[in-house]
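Residue numbers (the numbering used here), protein chains in the order written: chain A, 8 to 294; chain B, 8 to 294. The C-beta atom is built at its ideal place from N, Cα and C for all residues, glycine as well. These notes concern the structure reproduced below.
Structural data, given as structure tokens:
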């Protein structure tokens with residue numbers, strides 16, 4: 008297992024963590040100043056500059072783009088289908104413009120009324136899951152042609168209705184294997200400790216995933232958790248045995264960036280310099 | 008599948024739902040007045056009267072005890088082990104005093120520092136799970152001798168750290184099968200739609216469970232959910248397809264009570280008469 012206490016190359020920060028900085032340029036400069044080697048930006052942050060200028064900004068600051076957030080939110084009424092597809096293809100094109108092989112994180116979305124507000128309300132989680140798989144299959148050829156690997160992310164079961172109807176690594180891998188039985192590399196998974204740490208089948212899932220693991224996210228699970236979306240913890244402040252999961256991931260062959268993604272009202276209220284300093288410190292000690 | 012729109016025999020109310028009534032006697036009288044045929048009480052409610060007098064109170068009101076809450080919270084420091092065992096055996100004895108064959112719900116508990124406050128803090132979920140199985144094995148002979156079936160309840164993954172480190176029906180059944188390979192009936196599962204509705208393996212799990220399903224709990228999953236423990240929804244107010252799950256349960260052979268268990272700050276603030284009337288109505292329409 009890599010020794011992250013001295014490693015200065017493996018850290019990436021998902022920019023949602025730094026959203027208090029108020030935009031891509033501030034984030035890039037802050038990360039460069041703190042010696043953070045990589046970031047994973049979101050679409051809305053790229054929108055102002057456009058992907059080509061954003062890519063140049065990031066590159067000129069000496070940073071790498073470790074991933075792009077995000078495509079998905081597939082389930083919706085039939086009338087919305089083409090709009091959803093077009094939007095996801097644009098996300099692929101943006102990821103392609105951001106850098107060679109930059110994985111695009113795909114979050115499935117939940118039931119149609121939450122994935123695409125205004126869609127007819129339903130309780131049929133199975134139908135939403137079937138639609139996610141169908142639309143992933145639809146998106147995959149475009150992503151392959153663009154050279155953009157799709158990193159499909161199973162979400163914690165508490166997000167099943169609202170944000171992600173695929174809730175275990177095993178379920179995500181079933182889909183990958185059906186869509187890409189030859190393991191030719193166009194589709195894999197995003198493993199986020201926050202979503203998967205509780206899973207009794209986690210070790211088996213990670214071992215089965217092997218080189219399908221395209222990106223690895225860390226944060227921590229707080230007790231109590233006060234908000235289902237925006238109360239993630241800083242590494243070391245919660246109950247997740249992050250090194251144990253990283254060991255599994257690395258035993259499965261993963262050698263990519265370890266991306267810190269912390270949705271947190273509490274950390275968004277802290278000065279960004281303190282936040283980045285804390286991330287660097289905790290990364291060395293608790294990841 | 009039973010027709011609950013006209014069924015007057017299958018409803019049970021878990022007394023936590025009615026905790027605003029302030030004690031067992033009020034709960035029993037209110038349920039009798041509203042024609043609720045069964046309740047599932049908690050240990051602290053029985054404590055004042057003692058199990059024998061509580062049983063008589065319930066029986067004299069014409070009610071049935073459908074289950075008893077709860078044993079478990081197994082993980083803790085070695086020094087606490089005997090105290091935990093003794094307490095769980097007392098729970099078994101109380102369940103035996105409450106009625107013939109009354110299932111005792113067993114909630115595993117989470118990591119030791121949460122299951123038994125004061126215990127050494129750890130992130131080892133696997134060790135907590137192993138301990139739960141060990142202690143279930145320890146409790147089982149006592150429960151069998153007392154004629155009390157243990158209904159082991161897997162809890163939603165969002166409760167893994169704090170309340171229940173066993174998080175899928177499959178995982179609970181693995182334990183049942185290891186402890187009781189002959190399926191002789193002393194140990195089974197409690198299936199609560201709130202905990203399991205998201206599980207992609209749910210249909211397979213229920214079918215595999217068969218007669219090991221000892222109790223079935225309903226409520227609903229709200230979007231958004233504002234509190235991880237006390238924001239459960241009334242049936243019909245959320246996204247769970249309860250009849251679909253009940254169909255699976257009944258196809259697996261279950262014919263027992265359908266128990267309404269709603270931890271909810273919102274519903275605890277409503278007048279108990281309104282609450283029970285609402286439960287009866289929603290039970291007919293959404294269960």
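Local conformation of residue i per DSSP, three classes
i	result
residue 21(A)	strand
residue 245(A)	coil
residue 79(A)	strand
residue 293(B)	helix
residue 147(B)	helix
residue 105(A)	helix
residue 285(A)	helix
residue 266(A)	strand
residue 209(B)	helix
residue 214(B)	helix
residue 277(B)	coil
residue 68(B)	coil
residue 259(B)	coil
residue 227(A)	strand
residue 240(B)	strand
residue 200(A)	helix
residue 133(A)	helix
residue 175(B)	coil
residue 47(A)	strand
residue 167(B)	coil
residue 111(A)	strand
residue 85(A)	helix
Where residue i meets chain B, residues with beta-carbon distance less than 8 Å
i	result
residue 119(A)	Neighbours of residue 119(A) on chain B: none; closest Cβ ~11 Å, over 8 Å.
residue 235(A)	165, 231, 232 and 235
Interface partners of residue i on chain B, CB under 9 Å
i	result
residue 216(A)	The contacting residues do not exist; residue 216(A) stays about 16 Å from chain B at best.
residue 163(A)	164 and 165
residue 174(A)	164, 205, 206 and 207
Through-space distance from residue j to residue i, alpha-carbon basis
i	j	result
residue 272(B)	residue 233(A)	15 Å
residue 119(A)	residue 173(A)	13 Å
residue 12(A)	residue 287(A)	10 Å
residue 171(A)	residue 154(B)	43 Å
residue 41(A)	residue 15(A)	11 Å
residue 235(A)	residue 163(B)	13 Å
residue 131(A)	residue 137(A)	10 Å
residue 105(A)	residue 204(A)	30 Å
residue 134(B)	residue 140(B)	10 Å
residue 56(B)	residue 67(B)	14 Å
residue 26(A)	residue 34(A)	8 Å
residue 99(B)	residue 147(B)	10 Å
residue 29(B)	residue 38(B)	13 Å
residue 244(A)	residue 185(A)	38 Å
residue 246(A)	residue 159(A)	25 Å
residue 21(A)	residue 189(A)	30 Å
residue 195(A)	residue 88(B)	44 Å
residue 180(A)	residue 187(A)	10 Å
residue 165(A)	residue 165(B)	6 Å
residue 45(B)	residue 24(B)	13 Å
residue 59(A)	residue 121(B)	50 Å
For residue j and residue i, believed in contact at Cβ under 8 Å, the rounded distance
i	j	result
residue 200(A)	residue 226(A)	7 Å
residue 193(A)	residue 156(A)	6 Å
residue 269(B)	residue 43(B)	With a Cβ gap of about 14 Å, residue 269(B) and residue 43(B) do not count as contacting.
residue 17(A)	residue 264(A)	6 Å
residue 262(B)	residue 8(B)	Actually they do not touch by this definition, with Cβ atoms about 11 Å apart.
residue 31(A)	residue 70(A)	Residue 31(A) to residue 70(A), Cβ: 11 Å. No contact.
residue 209(A)	residue 176(A)	7 Å
residue 228(B)	residue 103(A)	No, residue 228(B) and residue 103(A) are not in contact; Cβ-Cβ is about 38 Å, not under 8 Å.
residue 241(A)	residue 291(A)	13 Å between Cβ atoms; not a contact.
Contact list for residue i against chain A, beta-carbon separation under 8 Å
i	result
residue 258(B)	Result: empty, since nearest Cβ-Cβ is about 16 Å, beyond 8 Å.
residue 241(B)	Simply none; closest approach about 15 Å.
Chain-ordered neighbours of residue i on chain A, where CB pairs are closer than 7 Å
i	result
residue 246(B)	118, 130 and 168
Chain A contact residues for residue i, given Cβ-Cβ distances below 9 Å
i	result
residue 178(B)	207 and 208
Closer than 7 Å at the beta carbon, the chain B residues around residue i
i	result
residue 228(A)	168
Near the ligand FAD: residue i beta-carbon under 6 Å from a heavy atom
i	result
residue 235(A)	In the structure on display, the ligand FAD does not appear, and there are no ligands present to speak of.
Taking contact to mean 3 or more Cβ pairs, one atom from each stretch, closer than 8 Å, check whether the stretch 244–252 of chain B and the stretch 271–288 of chain B are in contact.
no
Okay, do the stretch 68–77 of chain B and the stretch 45–58 of chain B touch, 3+ Cβ pairs below 8 Å being the bar?
yes
Report yes or no: do the stretch 78–90 of chain B and the stretch 112–131 of chain B share at least 3 C-beta pairs separated by less than 8 Å?
yes
So does the stretch 208–216 of chain A actually touch the stretch 143–154 of chain A, counting three or more Cβ pairs closer than 8 Å?
no
Segment contact flag, the stretch 92–108 of chain A with the stretch 217–224 of chain B, C-beta cutoff 8 Å, min 3 pairs:
no
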